[in-house]
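Have a look at the structure below before the remarks.
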DNA sequence: GTTAAAATGTTCCCGCAGAAAACATATACC
DNA sequence: GGTATATGTTTTCTGCGGGAACATTTTAAC
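Chains as they are written, first to last, in full-length UniProt numbering: chain A, 1 to 386; chain B, 1 to 386.
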């Protein structure tokens with residue numbers, strides 16, 4: 001609501017924007033508060049009053065409603081040393097969780113992620129062959145049951161799945177996950193039926209960036225380009241003005257298939273010179289002890305970053321997986337070449353960083369997607385006992 | 001407010017979202033209605049009632065307020081043939097205008113654009129040397145004065161300027177417009193002082209896409225990549241999920257400096273193989289009668305489009321200027337190569353189109369930027385007699 | 001220790017927003 | 001000309017946040 005005008009989204013022209021009612025106001029304010037404690041951790045009611053600009057009494061009513069919904073807990077203040085009556089501390093109730101599933105070639109993993117972003121429990125199963133959607137769903141059900149017995153009192157908002165492959169914009173259909181062998185699968189339906197929960201499915205790189213944005217290295221940054229090097233190739237994602245780049249069909253951010261060498265080799269996708277054919281895990285392993293070859297790969301990475309910078313002008317370029325490793329060992333070279341290639345006048349602002357969340361990244365990101373509905377309408381989403 | 005959850009923007013984490021009040025509701029609804037008639041032309045109150053989901057009586061009150069503000073006009077219905085009392089027709093008041101300025105190398109142009117998107121009047125001055133910011137502002141003042149005398153009763157919301165060059169995200173500073181020789185100029189201040197109006201400054205390609213999105217070939221499309229070929233190079237812009245791509249500093253969408261040939265020539269920007277060094281107006285003119293060379297340039301264009309598609313997954317790729325002309329004469333080749341290179345599984349959805357608004361594009365786009373504040377808060381923006 | 005000052009929580013009342021119902025009006029159809 | 005239908009208008013009602021007054025809890029001053 002309070003965005004700057006320059007980038008404010010004008011409502012779509014073909015469809016008239018929905019009218020707003022008083023209860024939308026209430027929903028918006030409940031959402032603002034729950035979102036604030038979700039990302040910002042424990043906050044006092046006084047801080048919430050200042051930050052939202054709402055009245056003390058209004059904040060009181062809103063927080064009370066959130067507490068009655070079982071979403072936040074109010075604690076007496078710790079010693080602050082400040083004059084005046086101490087403000088109550090509002091923190092998210094960690095018994096509110098989302099399930100996060102990550103099916104991959106060699107393992108399936110499920111986690112229960114609390115509303116404050118902490119991973120409360122996880123289950124992992126190694127597999128010999130890539131799991132089918134049904135395998136993944138069955139494992140999710142079993143693992144969720146175990147976690148529910150281990151930690152009593154959990155209330156689940158839904159489940160998110162991070163799938164290595166193309167996922168349609170509907171958040172349901174895995175269009176093509178070549179390494180898993182999934183093609184045109186409505187994985188949302190499969191998983192929702194197994195868990196009897198609302199499910200949202202997304203691409204793994206997108207989920208990863210979402211996690212780093214919420215709780216990791218891209219926290220609070222508005223415009224981010226993410227490149228993640230994994231065994232299955234290079235995953236890409238972008239955050240544009242505080243929103244995930246999705247694209248018309250959901251396939252946006254496939255930077256691994258950006259053409260980076262016009263004379264490059266044929267890629268599995270049918271094109272030539274794709275970033276991930278020039279710079280991939282095998283090639284990196286093969287030249288690990290060849291300084292000149294490493295330099296060449298680092299230079300390729302810098303070319304890709306420079307290209308993405310002139311398209312997106314990000315505040316931050318985030319590197320994960322083997323791309324993060326490569327950056328770590330060739331940071332001066334990459335930085336220098338990016339700066340040299342940078343089209344932008346104020347190159348001193350170019351920021352490149354490695355991911356921060358490690359093995360929890362995909363679980364946290366998938367859970368974030370599942371939490372989105374609750375954060376947007378705290379009073380309108382039903383929680384289910386696990 | 002009624003977006004799908006998949007791409008819903010989660011409020012920034014570091015800053016707590018502002019609280020919402022009842023008057024925000026009113027503002028939102030006024031904005032929805034004015035925006036609807038701005039883009040959708042005359043609409044009946046009955047249609048507005050259905051589309052917004054608001055109550056008849058509420059719509060009545062809102063429309064009355066907009067009419068009292070002098071922003072819309074209510075007309076008796078034309079013959080519809082339908083049973084029942086005819087609904088009043090709501091249309092934007094065309095006396096509400098924005099000024100639009102386009103300073104370029106060889107000319108300066110100013111237009112008065114009505115709130116329905118029509119260009120009511122324009123003034124153009126050819127110049128021998130690129131104008132200074134002060135030249136442009138002085139011309140704007142003089143031309144505005146003339147138009148004000150020619151068409152009495154106009155009420156101005158503000159002015160927008162489309163500048164061929166890098167404009168900072170603040171909507172004020174021209175960071176570098178090489179062809180004009182402007183560098184680090186606060187053109188907003190210069191122009192605002194001359195016109196005594198609120199001013200917003202933007203990049204010409206961004207303004208162009210905004211215009212085509214509002215009233216042209218990209219109307220109603222949510223995700224668009226725009227490439228415009230002009231004498232000063234290739235301008236780029238993108239619309240991502242209904243929002244203009246801006247980037248952290250405002251330099252997003254510079255697709256002309258995307259590296260398209262890894263072995264290409266040096267570009268003026270310091271990099272090599274930039275799209276606009278491989279494919280530019282001079283080169284296109286030079287090979288206009290050489291079919292093979294034209295094919296090669298068309299193929300380069302297709303490569304660029306394919307790259308942008310894998311990054312943005314747009315619903316539409318929009319081509320303007322000489323790139324539109326090139327596409328017109330080599331459409332089968334470009335289409336085929338884009339489809340061949342397309343990474344996306346459902347390539348049948350790739351849409352490429354030429355721009356539709358012609359010489360009015362930049363004026364309309366700049367005016368749109370100026371109208372944005374009014375559309376967002378119809379009751380909160382003061383109009384000034386021209 | 002007592003009192004004052006400061007900050008916050010709580011309660012009650014007000015104004016404003018849109019919803020809903022009742023009523024008024026304008027058209028088409030028979 | 002009467003009726004059905006759709007829409008504009010007026011009135012009443014509910015819900016939300018603001019704000020003032022009061023209550024509570026702390027620190028600081030004496």
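We treat Cβ as the ideally placed atom computed from N, Cα and C, and that holds for glycine.
Take every Cβ of the region 355 to 370 of chain A, pair it with every Cβ of the region 199 to 211 of chain A, and state whether three or more of those distances are shorter than 8 Å. yes
Mind checking residue 57 of chain A: buried by the 16 CB within 10 Å criterion, or exposed? Exposed, because fewer than 16 other Cβ atoms sit within 10 Å of the Cβ of residue 57 of chain A.
When the Cα atoms are used, what is the spatial distance from residue 149 of chain B to residue 17 of chain A? 37 Å
Is the Cβ-Cβ distance between residue 185 of chain A and residue 174 of chain A less than 8 Å? yes
Whole angstroms are fine: how far does the CA of residue 87 of chain B sit from the CA of residue 152 of chain B? 31 Å
Report the residues of the region 28 to 43 of chain B with a CB closer than 7 Å to any CB of chain A, ordered along the chain. 28, 29, 32, 35, 36, 39 and 40
Residues near residue 378 of chain B in its chain [Cβ-Cβ closer than 7 Å; skip 5 each side]: 30, 31, 34, 66, 69 and 71
State the start and end residues of the unbroken beta strand (DSSP E) segment that holds residue 228 of chain B. 224 to 230
Does residue 319 of chain A come within less than 8 Å of chain B when only Cβ atoms are used? no
Mind checking who residue 203 of chain B pairs with in its DSSP beta bridge? B/163
Residue 244 of chain B - partner residues in DSSP beta bridges: B/239
When you compare the CB positions of residue 283 of chain A and residue 301 of chain A, do they come within less than 8 Å of one another, or not? no
State the start and end residues of the unbroken beta strand (DSSP E) segment that holds residue 52 of chain A. Element bounds for residue 52 of chain A: not the beta strand (DSSP E) but the alpha helix (DSSP H), 45 to 52.
Start and end of the alpha helix (DSSP H) containing residue 110 of chain B? Looking at the DSSP string, residue 110 of chain B is not in any alpha helix (DSSP H); the run it does join, the beta strand (DSSP E), is 107 to 114.
Report yes or no: is there a C-beta of chain B within less than 8 Å of the C-beta of residue 391 of chain A? Lying before the first or after the last residue shown, residue 391 of chain A is absent from chain A, which here runs from 1 to 386.
Does the beta-carbon of residue 314 of chain A have 16 or more other beta-carbons within 10 angstroms, so that it is buried, or is it exposed? buried
Using a Cβ-Cβ distance under 8 Å, would residue 54 of chain A count as near chain B? Taking Cβ atoms only, chain B reaches closer than 8 Å to residue 54 of chain A, which makes this a yes.
Cβ distance (whole Å) where residue 374 of chain B is taken to contact residue 157 of chain B below 8 Å: About 5 Å; that satisfies the 8 Å criterion.
Which word fits residue 10 of chain A, buried or exposed, when buried means at least 16 other C-beta atoms lie within 10 angstroms of its C-beta? Caution is warranted here: a pLDDT of 44 is assigned to residue 10 of chain A, below 50, making its placement in the model unreliable, and the coordinate value is therefore given only provisionally. Flag for residue 10 of chain A reads buried.
To the nearest angstrom, how far is the alpha carbon of residue 62 of chain B from that of residue 321 of chain B? 42 Å
Neighbourhood of residue 293 of chain A by C-beta distance below 7 Å, restricted to the same chain and skipping five residues each side: Cβ neighbours of residue 293 of chain A beyond the five flanking positions: 287.
Is the Cβ of residue 226 of chain B closer than 8 Å to any Cβ of chain A? no
Mind listing the chain B neighbours of residue 257 of chain A? Cutoff is C-beta to C-beta under 8 Å, in chain order. Around residue 257 of chain A, the beta-carbon contacts reaching into chain B at under 8 Å are 310 and 343.
Compare the C-beta of residue 164 of chain A against all C-beta atoms of chain B and say whether one is closer than 8 Å. no
Length of the line joining the Cα atoms of residue 36 of chain B and residue 226 of chain B: 24 Å
I need the boundaries of the beta strand (DSSP E) containing residue 100 of chain B, first residue and last residue. 96 to 103
Look up residue 89 of chain B in the DSSP assignment and give the residues it is bridged to. Note: residue 89 of chain B is bridge-paired with B/44 and B/75 in the DSSP secondary-structure output.
Assigned exposure category for residue 332 of chain A - 16 Cβ within 10 Å defines buried: Of the residues assessed, residue 332 of chain A falls on the exposed side of the cut-off, its CB having fewer than 16 other CB atoms within 10 angstroms.
Could you check whether the Cβ of residue 160 of chain A sits closer than 8 Å to any Cβ belonging to chain B? no
Can you name the residues of chain A whose CB is closer than 9 Å to the CB of residue 336 of chain B? Per Cβ cutoff of 9 Å: no residues; residue 336 of chain B is ~13 Å from chain A at best.
Please list, in chain order, all residues of the same chain as residue 43 of chain A whose beta carbon is under 7 Å from its beta carbon, the five residues on each side excluded. Answer for residue 43 of chain A: 36, 37 and 90, listed in chain order.
Residue 155 of chain B to residue 334 of chain B, Cα distance in whole Å? 46 Å
Indicate whether at least one CB of chain B lies closer than 8 Å to the CB of residue 362 of chain A. Closer than 8 Å: no.
Hey, could you find the ends of the alpha helix (DSSP H) residue 311 of chain B is sitting in? Its alpha helix (DSSP H) spans residues 291 to 312.
CB contact below 8 Å: residue 301 of chain A versus chain B: Not an interface residue.
Do you know how far the Cα of residue 117 of chain A is from the Cα of residue 137 of chain A? 23 Å
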